[in-house]
Amino acid sequence: MEMSDMTARQIWQEVKANPSRARFGFGRKAVLVNIDLQNAYTCTGRFSTAYETDPEQLAHINALARRFRALGWPVVWTHVAYMASGEDAGVWGTRTDTPDSLQNIKAGSRRAAFDERCEVDRSRDIVINKRMASAFFETNLGSLFTWHKVDTVIVTGGSTSGCVRATVVDSLSRGYRTVVPEECVADKHERPHFANLYDMVLKYADVLPVAEVAAFMEQYKPAN
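Under this note's numbering, the first residue of the sequence shown carries the number 2, and numbering increases by one thereafter.
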C-alpha cells in the first residue's frame with residue numbers, strides 16, 4: 002500500500018489534473034439519474050442528515066434535466082422513503098432508531114419529499130422510491146434503460162460516498178458508460194467526497210465538469 006501525507010482533496014486534484022487519464026467516454030444516448038435530492042439530505046438548515054458541497058448543485062442538475070427533456074432523453078429522480086414499520090429498510094435500518102435514522106424517513110413525510118428547488122416534471126420524469134443504496138437494486142431501472150435504448154448513465158445527487166457510488170458501480174457492472182458531473186454530487190464531509198471521486202474516476206466512471214457534460218449534449222445528433 003502506498004503511503005501519503007496528501008489530503009483526499011489534494012489526491013483528487015492531482016488525478017483530475019492529469020490530462021492523459023483514460024476515459025470511458027459518452028455513448029449514443031444518455032439517461033440522467035438524480036439520486037435522493039430530498040429534504041432529508043438537502044435542507045441543511047432543517048435536517049441534521051443534510052449536506053451541501055457545491056451551493057449551485059441543484060441549479061446545475063435542473064439545467065441538465067431541462068437539456069435532457071429537450072432531447073427527449075429520460076430523467077430519473079430517486080428518493081428513499083419507508084413504511085411506518087420501517088421493515089422495508091431491512092438490516093440497513095437496524096443499527097440505530099432515532100428520529101434521524103434512515104428507516105424513519107417515512108413515506109409521505111417532509112424528509113422524504115423532494116427539495117422544492119428541484120424541477121421535477123411529474124408529467125414525464127421517472128420517479129423511483131428506492132429502499133437501498135443503489136438506484137438499480139430491486140427497481141425497474143434496467144428495463145427502463147432497455148426501453149429507452151440508453152448506453153450512458155449520468156449520475157448526480159448524494160451522497161458521493163454512499164448512494165451515488167453504489168449506483169455508479171452497479172451502472173458500470175451492467176455495461177453502461179457512466180458519468181458523474183463533479184459539481185452535481187455532494188457529501189457530508191470533504192474526505193469521503195473527494196476520496197470517492199478519486200476512486201470512481203480511476204475505476205468506475207468519468208468524473209467531469211458539468212460544463213463538459215452540457216457541451217456533449219449540445220453537440221448531440223440523433224443516430225440514424
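Each residue gets a CB set at the ideal place from its N, CA and C atoms; glycine is no exception.
Identify the continuous alpha helix (DSSP H) that holds residue i and give its terminal residues.
{"i": "leucine 65", "result": "58-72"}
{"i": "proline 193", "result": "191-204"}
{"i": "valine 211", "result": "211-219"}
{"i": "arginine 166", "result": "166-174"}
How many whole angstroms separate the CB atoms of residue i and residue j, which I take to be in contact at a CB cut-off of 8 angstroms?
{"i": "leucine 33", "j": "leucine 59", "result": "Contact flag wrong, Cβ pair sits at about 13 angstroms."}
{"i": "glutamate 191", "j": "leucine 209", "result": "Not really, about 19 angstroms apart at Cβ, beyond 8 angstroms."}
{"i": "threonine 161", "j": "proline 193", "result": "7 angstroms"}
{"i": "phenylalanine 69", "j": "arginine 178", "result": "About 16 angstroms; that fails the 8 angstroms criterion."}
{"i": "isoleucine 106", "j": "alanine 41", "result": "5 angstroms"}
{"i": "aspartate 37", "j": "histidine 80", "result": "6 angstroms"}
{"i": "asparagine 63", "j": "glutamate 120", "result": "4 angstroms"}
{"i": "valine 211", "j": "valine 180", "result": "Not really, about 10 angstroms apart at Cβ, beyond 8 angstroms."}
{"i": "glutamine 39", "j": "alanine 113", "result": "6 angstroms"}
Between the Cα of residue i and the Cα atoms of the options, which residue gives the shortest distance?
{"i": "tyrosine 52", "options": "Cys185, Tyr205 and Leu203", "result": "Cys185"}
{"i": "lysine 189", "options": "Lys17, Thr43, Ile36 and Phe146", "result": "Thr43"}
{"i": "valine 16", "options": "Thr79, Phe217 and Met201", "result": "Met201"}
{"i": "arginine 111", "options": "Lys204, Leu145 and Ala82", "result": "Ala82"}
{"i": "serine 174", "options": "Glu57, Val211, Ser135 and Trp148", "result": "Ser135"}
{"i": "aspartate 101", "options": "Ser49, Ala187, Gln39 and Cys164", "result": "Ser49"}
{"i": "valine 92", "options": "Leu72, Thr140 and Gln104", "result": "Gln104"}
{"i": "glycine 176", "options": "Ala85, Cys164 and Val154", "result": "Val154"}
{"i": "lysine 204", "options": "Met218, Ser172 and Phe115", "result": "Ser172"}
{"i": "arginine 29", "options": "Ile129, Phe146, Ala187 and Cys164", "result": "Phe146"}
Counting along the chain, where does the beta strand (DSSP E) carrying residue i start and finish?
{"i": "isoleucine 106", "result": "Isoleucine 106 -> no beta strand (DSSP E), and no H or E assigned at all."}
{"i": "threonine 179", "result": "178-182"}
{"i": "valine 76", "result": "76-81"}
Just how far apart, CA to CA, sit residue i and residue j?
{"i": "arginine 166", "j": "phenylalanine 137", "result": "12 angstroms"}
{"i": "glycine 94", "j": "lysine 150", "result": "35 angstroms"}
{"i": "alanine 206", "j": "alanine 23", "result": "10 angstroms"}
{"i": "asparagine 225", "j": "arginine 47", "result": "Per-residue confidence for asparagine 225 stands at a pLDDT of 44, beneath the threshold of 50, marking its modelled position as unreliable; the derived number appears in the next sentence. Roughly 49 angstroms separates the two Cα atoms."}
{"i": "leucine 198", "j": "arginine 96", "result": "27 angstroms"}
{"i": "glutamate 3", "j": "aspartate 55", "result": "30 angstroms"}
{"i": "alanine 216", "j": "aspartate 6", "result": "36 angstroms"}
{"i": "proline 75", "j": "alanine 31", "result": "8 angstroms"}
{"i": "serine 21", "j": "tryptophan 13", "result": "15 angstroms"}
{"i": "threonine 99", "j": "glycine 109", "result": "18 angstroms"}
{"i": "valine 77", "j": "glutamine 11", "result": "32 angstroms"}
{"i": "alanine 18", "j": "glutamate 88", "result": "45 angstroms"}
{"i": "threonine 168", "j": "aspartate 126", "result": "19 angstroms"}
{"i": "alanine 196", "j": "serine 144", "result": "32 angstroms"}
{"i": "phenylalanine 25", "j": "leucine 142", "result": "21 angstroms"}
{"i": "alanine 85", "j": "threonine 45", "result": "25 angstroms"}
{"i": "valine 170", "j": "arginine 67", "result": "26 angstroms"}
_Complete beta strand (DSSP E) runs within the region 126-162 (minimum length 3 residues, chain order)_ = 127-131 and 153-159
*If you scan the region 4-52 from start to end, which runs of the beta strand (DSSP E) of 3 or more residues do you find wholly inside it?*
31-36
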